[in-house]
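Residue numbers (the working numbering): 834 to 991.
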């Protein structure tokens, strides 16, 4: 019985069974390295804390209590995971792995396209503001030809 769990005994999902059988109350949650990694990956995938707590079968309060360090890196979790993958890919490229080379080239192309799209979206001029009622009326009044204006001359004489 190490760390409050029965040795080698797991439930249906592979989680260790707590050793508190026969005692009153619910057994305390003991965070494992696997659960910590699960929380980090879930945050990197954009999951909210409520869903993560449900998946771990704990309350949000327990999640915040035991996994506060992982939750504090919520904003940068996706970037850290992407950079870890890119680092591993570059290591494979340096070893001469051809499939890693093509995958790295595709990833770099995607990053370049994303950067260009972001740059083009910021360079777009804003649409001109629509004219108000009075401005539109004044503009059409300036273009209006009066009833008593002489007619235009002929376009061709011959």
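Each residue gets a CB set at the ideal place from its N, CA and C atoms; glycine is no exception.
Check                                                                                                                                                                      : Outcome
Threshold first: 4 residues or longer. Then list the alpha helix (DSSP H) segments lying entirely within the region 850-884, N to C.                                       : 866-877
Can you tell me the Cα-Cα spacing of residue 983 and residue 976, whole angstroms?                                                                                         : 16 angstroms
Buried or exposed: where does residue 900 fall if 16 or more other Cβ atoms within 10 Å of its Cβ makes it buried?                                                         : buried
For residue 897, count neighbouring Cβ atoms within 10 angstroms of its own Cβ and tell me buried if that reaches 16, exposed if not.                                      : exposed
Rounded to the nearest angstrom, what separates residue 907 and residue 876 at their Cα positions?                                                                         : 6 angstroms
What is the residue span of the alpha helix (DSSP H) that residue 905 lies within?                                                                                         : 901-905
Run the CB neighbour count on residue 990, radius 10 Å, all protein chains shown included, and call it buried at 16 or more, exposed below.                                : exposed
Take residue 940 and list the residues in its own chain whose beta-carbon comes closer than 8 angstroms to its own, dropping the five residues that flank it on each side. : 919 and 922
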